[in-house]
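For reference, the structure is listed below as structure tokens.
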Amino acid sequence: MTDTKKAHPCGVCKTCGGITYRAESINQRCGRSPHGHRCSGKFANASRDSDWKSCTSCSGTGKQGTAPCIYCSGIGWNLSRPWVL
Ligand SMILES: [Zn+2]
Ligand SMILES: [Zn+2]
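Counting in our numbering, the sequence shown runs from 4 upward without gaps.
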């Protein structure tokens, strides 16, 4: 296995579950529109390593074979304590 682990996201939208890798997006409006209307949630700060745990199903690669991992949505990470954000 030569897949390198991905960096974890630094922010999570508590409304739609969207993630961001941009620190400047934290506390900004999410604005994603996965279901055709813009999300009104904000990105919560999840920039600490302790906020995340590596996905055990894909070993943090975000992939299962050639398909995105369904347990972490291809992120390679899962929130360790989503309820504290
Ligand atoms: Zn959102
Ligand atoms: Zn995974």
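The beta carbon of each residue, even a glycine, is placed where N, CA and C say it ideally should be. Here the structure is a predicted model, which is why all the values come from computation and not from measurement.
Residue span of the beta strand (DSSP E) that contains residue i, given as start and end
{"i": "Asn-48", "result": "46 to 48"}
{"i": "Cys-16", "result": "14 to 16"}
{"i": "Leu-82", "result": "80 to 82"}
{"i": "Ser-36", "result": "Counting along the chain, Ser-36 falls outside any beta strand (DSSP E), and DSSP gives it neither H nor E."}
{"i": "Lys-56", "result": "55 to 57"}
8 Å CB neighbourhood of residue i in its chain, flanking five on each side removed
{"i": "Thr-88", "result": "In the sequence under discussion, the amino acid at residue 88 is Leu, which differs from the Thr named in the question. Closer than 8 Å at Cβ, skipping near neighbours: Val-15, Lys-17, Ala-47, Asn-48, Ala-49, Asp-54 and Leu-82."}
{"i": "Pro-12", "result": "Ile-22, Thr-23, Tyr-24, Ala-49, Trp-55, Ile-78 and Trp-80"}
Cβ-based neighbour list, residue i, same chain, cut-off 6 Å, excluding 5 preceding and 5 following
{"i": "Ser-28", "result": "Gly-14 and Phe-46"}
{"i": "Lys-8", "result": "Gly-63"}
Three-state secondary structure (DSSP) of residue i
{"i": "Ser-62", "result": "coil"}
{"i": "Ala-2", "result": "The structure shown does not extend to residue 2, since the chain spans only 4 to 88, so no value can be given for it."}
Beta-carbon contacts of residue i that lie in its chain and below 7 Å, excluding the five residues immediately before and after
{"i": "Gly-65", "result": "Lys-9, Pro-71, Cys-72, Cys-75, Gly-77, Ile-78 and Gly-79"}
* To do: Mind the definition here: the region 58 to 75 touches the region 38 to 45 only if three or more C-beta pairs lie below 8 Å; say whether that holds.
  => Three or more beta-carbon pairs separated by less than 8 Å are not found between the region 58 to 75 and the region 38 to 45, which leaves the two stretches without contact.
* To do: Any chance you could list the residues with Cβ under 6 Å from a heavy atom of ligand 1, keeping chain order?
  => Cys-16, Thr-18, Cys-19, Gly-21, Cys-33, Arg-35, Cys-42 and Gly-44
* **Pocket of ligand 2 defined by Cβ to heavy atom distance under 5 Å** => Near ligand 2, residues with a Cβ at less than 5 Å from any of the ligand's heavy atoms are Cys-58, Ser-60, Cys-61, Cys-72, Tyr-74 and Cys-75; the list follows chain order.
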